[in-house]
């Protein structure tokens, strides 16, 4: 009998494979200053020396084993990164794999490179090598052969399934490859392995998974055998559910529903995933129970059913997951709820649930409900959001400040200015910045409040904004950048010479240390927005038309165009050359 420890380790591995993917893009606390002006930063282009491939081919022909291994590793990594022109290395690589006198590390590296290149033309040589090689090499070669549908190796895998005492790793390798290649005649022997209680847990589960891959019907009797009796083992139940991963129909669905409520999460998540593939409505009867599971994957599958089949009554249950311990799930839920509010019958129930969550004690729920209500422009939440600016959790502070900014309620401006002044005084408290005593989210929170002042052109805040222009690291990069961005809005088209001088001082301040990058960028933005033509020559001197495109260079280009009222040619995309190779041309 397989040991209980092996079973538990295997189940733990199952649970750790992957995290639930968000069904919608999460709600992000973005800054207005990052999008006003809206500038297009060109996508980075990967670049490779055209001489690299030729150089590596020459090095691969050398006799030194360490050189051969390094080149093979580089070829695999380069191809994975999108480097062209490496396919001609395949003949030499296969020579190294086939040659039994090659160092084992060289053979492994060359095999990995061939698998990366998908060099199917080397199939005959790799099959011959796999028949004589040790397990380490076959663990690389055989999966590649299966991916390439090398049917000539099927007899070898089948023979291993029936061998008297195969090593477990070799047996599992054959099982997986037969599943990958889709060899349905293997099902009979695979099922024998599934039912063989003398086999190890990993062998039985691998056989069940492969048999489930190979058949989309007919495994129901095998499943019932596995779960017969008053208390079938976890291993039997896991093998049983694996046999149903491609099945559909009345009987398989009944079995899957039984497995979907299994107390073992590794079993329940497989069953729920298959039921959702067949029809999301099948999960509805057990969705709420699934959302209360201790396992994040099971909770995610339960929420998927409600998201796909929403009703007003289900929104309150779904909204509870905005307080989920797993960050990906709670973010996914809040963004999904935002999307669902587009349906008129769901809008108010979702708002009600979010307001209730915002008023609750949990910081996770407060954060996500603040983001949701801010996105919905739910002004009734303003008072509670203002309270949460003093939350002990930075996540809640920042989300609440962003939500208040999104609401744009002019009546809140005086109290927000007072709050911003309090934050500024706290930052300037002697020793607070140096000793790390400031609240973690204070910079981001204050920056969002400042941006609201700019968005609503709240000029009563201008003295505070001006107070943030000089280099004061304790006030925070985002806060100072937002203050400078605001001043540009307050004086748009009407330059203030004093401000223009201060902005140029920030740009020219090389330190040590120089001023913060975002602060400098916003100085360029505000000079351009104010039309501070007295500084246009200095601004132009900070711009080079040969710069590659990034946020900083695009902002400088924009500022020059504003000040000179002329168009400039687009900046070239940034070329990212991968140069950290073990061997590169000397003349580059």
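Numbering (our numbering), first residue to last: 729 to 1316.
For every residue, glycine included, the Cβ atom is placed at its ideal position computed from N, Cα and C.
With fewer than 16 other Cβ atoms from the protein chains shown falling within 10 Å of its own Cβ, residue 763 counts as exposed. The alpha-carbon separation between residue 927 and residue 921 amounts to approximately 7 Å. By a beta-carbon distance limit of 8 Å, residue 1263 contacts residue 1232. Their separation comes to about 5 Å. Residue 754 and residue 1091 have their C-alpha atoms some 18 Å from each other. DSSP places residue 1182 within a helical segment (H, G or I) once states are collapsed to three.
Taking C-beta atoms under 8 Å as the contact rule, residue 1285 and residue 1271 qualify, at a distance of about 6 Å. In the same chain as residue 1217, and ignoring 5 residues on each side of it, the C-beta atoms closer than 6 Å to its own belong to 1182, in chain order.
Using a Cβ distance threshold of 9 Å, residue 821 and residue 847 count as a contacting pair.
For the 9 Å CB-CB criterion, residue 1030 and residue 1016 form a contact.
CA-CA distance, residue 1196 to residue 1038, rounds to 48 Å.
In this structure, the alpha-carbon of residue 1222 lies about 28 Å from that of residue 1152. Checking the DSSP bridge columns, you'll see residue 775 partnered with 1305. One alpha carbon belongs to residue 1282, the other to residue 1235, and they sit about 15 Å apart. Following the DSSP letters along the chain, one finds residue 1214 inside the alpha helix (DSSP H) bounded by residues 1205-1218. In this structure, residue 970 lies near residue 939, with their beta-carbon atoms less than 9 Å apart. Note that the region 834-848 touches the region 796-803; at least 3 beta-carbon pairs, one per stretch, sit closer than 8 Å. In the DSSP annotation of this structure, the continuous segment of the alpha helix (DSSP H) that includes residue 863 starts and ends at 863-875.
Sixteen is the threshold: when 16 or more other Cβ atoms of the shown chains lie within 10 Å of the Cβ of residue 932, as they do, the residue is buried. Partner residues in the beta bridge of residue 1276, as assigned by DSSP, are 1300. Measuring C-alpha to C-alpha distances from residue 901 to each of 1115, 1021, 1250 and 937 identifies 937 as the nearest. Cβ contact annotation for residue 772 (same chain, cutoff 6 Å, sequence separation greater than five): 1302 and 1304, in chain order. Boundaries of the alpha helix (DSSP H) harbouring residue 859: 851-860, taken from the DSSP string.
At a Cβ-Cβ threshold of 9 Å, residue 1008 and residue 1028 do not count as neighbours. Counting C-beta atoms within 10 angstroms of its own C-beta, residue 1293 has fewer than 16 neighbours from the protein chains shown and is therefore classed as exposed.
Here the alpha carbon of residue 1105 sits roughly 37 Å from the alpha carbon of residue 1299. The DSSP-derived three-state label of residue 1007 is coil. Annotation note: the region 749-827 contains the following uninterrupted alpha helix (DSSP H) runs of length 4 or greater, listed N- to C-terminal: 780-788, 793-808 and 818-826. Per DSSP, residue 955 lies in no alpha helix (DSSP H) segment and is marked neither H nor E. Of the residues 1253, 1259 and 1296, the one whose Cα lies closest to the Cα of residue 1280 is 1253. Around residue 1207, the same chain offers 1171, 1174, 1175, 1178 and 1196 as residues with beta carbons nearer than 7 Å, after the five sequence neighbours per side are excluded.
Secondary structure of residue 992 (DSSP, three-state): coil.
Going by beta carbons, residue 1250 and residue 1213 fall inside the 9 Å limit. The three-state reading of DSSP puts residue 1263 in helix, counting H, G and I together. In the three-state DSSP reduction, residue 1021 falls in the coil class, being neither helix nor strand.
Here the C-alpha atom of residue 1128 lies approximately 60 Å from the C-alpha atom of residue 916.
Burial state of residue 987 is buried, judged by a 10 Å Cβ sphere holding 16 or more other Cβ atoms.
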